[in-house]
Amino acid sequence: MESSSHSYVKVFGERNTGTNWLCQLLKANTSMTVLGDGGKPNFKPRLKHILASYRISDALALKLIKEKLLDAEREQHYPLYYGWKHAAIDSSRISSTERFHDTLFLCIVRNPWRFVSGLHKRPYNLAPPPVSSLSDFVSAPLLLNYRDGIPDLYVSNPVEIWNKKVSSYYNFYEDHPINVRVIRYEDLVANPEIIKDQLSGLTQFKFDSIKIPKDSTKSHRGDAKTYDDYKKEVIAYDPCESLGRELAHKIFSLVDVRLMCQTGYDSLYNPIVD
């Protein structure tokens, strides 16, 4: 095995794209320090101070306050942790940090149909909450948080989040091909051994065969699915069967065509009906 050339690894990827599982995989199989987001040591005391000073009874107002406090945490820890793992990447900013060249960056992407449906089902950090209908959600505007890393916090639909963030990953890779890799969630879950090819020469692996985290990484959020469950889902997934052709096409029509081809997800959907 070749000796490791990176001490740290940072995983980027949108919500519901396997970032927690990939971090577990890296911890189990490499000696690199897997960087999180920096924690939130100031969150509770600051929130407590605000609530003690103001009468806040509106749930949405409280949610927005919490998101602003989390934005502040991610910004404070940026120099060491590179921001929120779900953020779009600012290539020029991140490359100016002190330990950039000692860090390996892995960006994981998932097909846009599963990203949108997953975000609708588990809308972490979205305020206001999504509309009840998935079909309506696909066309609904969203307000992002500062830590999302997208300058315009207004996006016209959730697919645009996928477009902007996935585009930032590929731009980051083009700027820094030595220590940046982009990996498809579907490929990694179907065959975790590919991580060794992806990272060949970039880090040292502890074992000849990859040790696969089997348990759910989201049991605390009511998701009891195991690795084997997700693998079966990935292998069988068809956007038209899962969502119906009309909704699958609606999402397809909003995806950046260049990114659809670049990621290879164009193979999952044929817009031409015989």
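Residues 13 to 286, numbered by my numbering, are exactly what the sequence shown covers, in order.
Built from N, CA and C at the ideal position, the CB exists for glycine as well.
Residue ranges of each alpha helix (DSSP H) within the region 135–191, 4 or longer: 146–151 and 170–187
Mapping DSSP to helix, strand and coil, what is L47? strand
In terms of DSSP beta bridges, what is C119 paired with? F24 and V194
Taking all protein chains shown into account, do 16 or more other C-beta atoms lie within 10 angstroms of the C-beta of P251, making it buried, or fewer, making it exposed? That one is buried.
DSSP three-state assignment for F217, whether helix, strand or coil: Here F217 carries a strand assignment [DSSP, helix/strand/coil].
Based on Cα-Cα distance, which residue from F217, A248 and C273 lies nearest to S43? F217
Count the other CB atoms, across all protein chains shown, that sit within 10 Å of the CB of F149; report buried if there are 16 or more and exposed otherwise. buried
Backbone secondary structure at T42 - three-state DSSP: strand
For the candidate residues N157, K97 and F127, whose alpha-carbon lies nearest to that of L287? Any question about residue 287 goes unanswered here, given that the chain covers just 13 to 286.
Rounded to whole angstroms, what is the Cα-Cα separation between S104 and L271? 21 angstroms
In angstroms, rounded to a whole number, what distance separates the CA positions of K56 and H89? 16 angstroms
If I101 sits next to I77, beta carbons under 8 angstroms apart, how far is it from one beta carbon to the other, in whole angstroms? Not quite, the Cβ-Cβ distance comes to about 27 angstroms (not below 8 angstroms), so this is no contact.
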